[in-house]
Amino acid sequence: MQPWQLAAVAVPLITFSMLPLGRADANATAASRPARTCHYDVVHVRKGHRLNVRSGAGRRHRVVNTLSRHARRVPGDCRKGHRWVHVHPRKGASGWSLGRYLKWVH
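Numbering (my numbering), first residue to last: 187 to 292.
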């Protein structure tokens with residue numbers, strides 16, 4: 187085998203042997219699986235008030251957005267049984283709202 191032929195075979199082998207094992211497969215699987223989105227209606231908010239959307243799950247986090255007491259079909263994460271729901275309003279910043287004021291809808 188000529189030196190240039192040996193180099194033509196060795197370079198690709200060395201390159202591929204340096205890739206981390208399983209990394210490409212894990213990223214491809216995660217990217218091909220879209221995140222599920224649920225929708226929520228705002229409920230139990232008194233007249234003249236709005237539902238706060240906070241930067242984190244808890245009252246200690248700052249308010250980054252608000253939702254109208256009549257807001258319908260607000261996109262959010264599908265995590266049942268959690269006190270705080272991560273919502274993604276169509277306008278303004280995404281954040282966390284208290285689950286007791288959100289009703290899951292189809």
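For each residue, glycine too, the CB sits at the ideal point set by N, CA and C. None of these values were measured; they are calculated from a predicted model.
Q | Cα-Cα separation, Arg258 to Gly242 | A | Straight-line spacing of the CA atoms in Arg258 and Gly242 works out to 22 Å.
Q. When burial is assigned at 16 or more other CB atoms within 10 Å of the CB, is Trp290 buried or exposed?
A. It counts as exposed.
Q: Could you check if Arg240 is buried or exposed, using at least 16 other CB atoms within 10 Å of its CB as the buried criterion?
A: Here Arg240 is buried, its C-beta having at least 16 other C-beta atoms within 10 Å.
Q.
Within the continuous beta strand (DSSP E) that includes Ser283, where are the two ends?
A. For Ser283, the enclosing beta strand (DSSP E) stretches over residues Gly281 to Leu284.
(Q) If the criterion is Cβ atoms closer than 9 Å, does the pair Val250 and Tyr226 meet it? (A) Contact: no.
Q) From Cys264, His256, His274 and Trp270, pick the residue whose C-alpha is nearest to that of His230; which is it? A) Measuring from the Cα of His230, the nearest candidate turns out to be His256.
Q: Note down, in chain order, each residue of its chain lying with its Cβ closer than 7 Å to the Cβ of His274, except the 5 sequence neighbours on either side.
A: Result list for His274: Pro261, Gly262 and Ser280, in chain order.
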